[in-house]
Every structure is written in C-alpha cells, then in structure tokens.
Amino acid sequence: MSKLSQITPILGYTKVSDELFLGRLNAVYSGTNGNPAYPNPPIDMNAFKADIDSYSGVITEALDGSKKAISEKKKKREALTKSLRLLGRYVEIMCKNDMPTFLSSGYEAASTTRTPATPLAPAAILKVEHGNIGELLVTMKPLPRARSYDVRYAPVPAGGGAPATWTTETFASAKIAVPISGLTPGTNYAFQVRAFGKLGYTDWSETFTRVCA
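Anchor point for the sequence shown: position 46 equals 1062 in this note's numbering, and the numbering is continuous, going up by one each time.
This is how it looks when you write it as structure tokens:
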C-alpha cells in the first residue's frame, strides 16, 4: 500500500504582488482564528490581524512612491512572511494530513507532483562560417534544458559518404558560435552536433559541410 504524501502549505510568497499577498494573509487569518482544528496557534492572532491591517494601510501609502512608505511596507511584509511560515508549519502538523481540515486554514496546498523529465528537441547546426585561417565557426540551435553540446567534425572523404573517424569537442553553451580550429585550409569538413540533457544525449544532427578557408 502506497504512503500518502504529506500535505504541505505554500509558504513562498516573495514573487507575488502586495495585493495577492494581502489576500492570502486575510484568508489565513480568517481560516485559522477560532478554528477548533487549530486551537493553540504559535503566534498572537490579535497581533497578527493588527499587522495585516497595518500592512494594508502602508500598501496604499506606498502608491505615491514615498521611499519611507516603501521601506516600511517591505519591513512589514518580511515580518508577516515569518508569521505566515510559522503558522503554516503549525497547520501542517495539526491538519493530520486531512485535506478538508487543511484547506479550512486558508492556506494553499503545495503540489507534490513532480514534472517528469522530457527529451530534448533534436539538435541542429544553423550555420558554419569562416573564422581565422584554419578555423570555422559553428552556430548551433540553443535547446532549453540542454546541459552541454558536442560538436564532431572530420574531412569529407574524397569519394563522398560518411567520415570514418571524427574529432569531438564539447561546449557548455550554444548561445554564440563555437570555434573549431586547427583545420586544413581548402579542405571540405563535415559537422554534426548533439546535445546532452537530463535523459542523456540526443541523436547526432544532420550533417553540415563547409570548406575551410
């Protein structure tokens, strides 16, 4: 029998607006104050309500751009965040992993579902340009979540077909063109790229050829 995941509250509110944060504070106060499921909260609820009301007032004062009001708003928000976290841990324990009881507190439950890793998109070479003498610059398609890129290259056989032996170089990023040096001018080179991600390597890309100047 699988074990049920522990219900935990969302406690990270640093990126939400003041208005949304204030709404969550009021919901938590209304949900926990006098709630028989949470008889002994670890903070003074009257002081908590007073701090919420004070924060609400300073939000309005800060709208005119007053540095003093903005600074005061920041301090009050930090203090209320600490109270919200302390009360949230208490709710987590006292709800006894019962979702209706938990939701009655006014907190939101954090998701316990992890997004599975997905394969990277196919790797690709966008272009190959001349650099210095004996150098070609390879521009790769940047792939989200790619951790590194391998570029392999080799002279194109005189009779055509795939090279028998490749040289491979690894690069951390595809944001800029990567230099492949030490090449022989006048030689036609074949290039391929692959990317490395959480699930491993992509397939090698289609071959891109260019004569080194």
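Note that the Cβ used here is the ideal one computed from N, Cα and C, for glycine as well. Note that the structure is predicted; figures quoted are calculated from it, not measured.
Bridge-paired residues (DSSP) for residue i
{"i": "M1061", "result": "In the DSSP output, where bridge partners are listed per residue, M1061 has none listed."}
{"i": "N1204", "result": "V1227"}
Residue i versus residue j - alpha carbon distance
{"i": "V1154", "j": "L1215", "result": "25 Å"}
{"i": "N1204", "j": "H1146", "result": "12 Å"}
{"i": "Y1106", "j": "A1140", "result": "52 Å"}
{"i": "V1209", "j": "I1149", "result": "22 Å"}
{"i": "N1113", "j": "S1127", "result": "14 Å"}
{"i": "T1184", "j": "K1143", "result": "18 Å"}
{"i": "S1021", "j": "S1072", "result": "35 Å"}
{"i": "T1186", "j": "T1134", "result": "22 Å"}
{"i": "Y1217", "j": "I1023", "result": "36 Å"}
{"i": "S1197", "j": "G1177", "result": "23 Å"}
{"i": "S1120", "j": "T1030", "result": "23 Å"}
{"i": "L1152", "j": "C1228", "result": "6 Å"}
{"i": "N1051", "j": "T1117", "result": "10 Å"}
Contact under 9 Å by Cβ, residue i with residue j
{"i": "Y1169", "j": "F1207", "result": "yes"}
{"i": "I1026", "j": "Y1045", "result": "no"}
{"i": "C1111", "j": "A1053", "result": "yes"}
{"i": "D1034", "j": "R1101", "result": "no"}
{"i": "G1104", "j": "A1043", "result": "no"}
Residues near residue i in its chain [Cβ-Cβ closer than 7 Å; skip 5 each side]
{"i": "N1049", "result": "M1061"}
{"i": "P1057", "result": "T1048, L1103 and Y1106"}
{"i": "A1137", "result": "L1159"}
{"i": "L1079", "result": "none"}
6 Å Cβ shell around residue i - same chain, five flanking residues per side excluded
{"i": "D1219", "result": "none"}
{"i": "L1036", "result": "none"}
{"i": "E1124", "result": "I1026"}
Own chain residues within Cβ distance below 8 Å of residue i, not counting five before or after
{"i": "K1089", "result": "D1034, Y1071, V1074, I1075, E1077 and A1078"}
Cβ-heavy atom distance, residue i to the ligand HEM, below 8 Å
{"i": "A1170", "result": "With respect to small molecules bound, the structure shown includes none, and the ligand HEM cannot be examined in it."}
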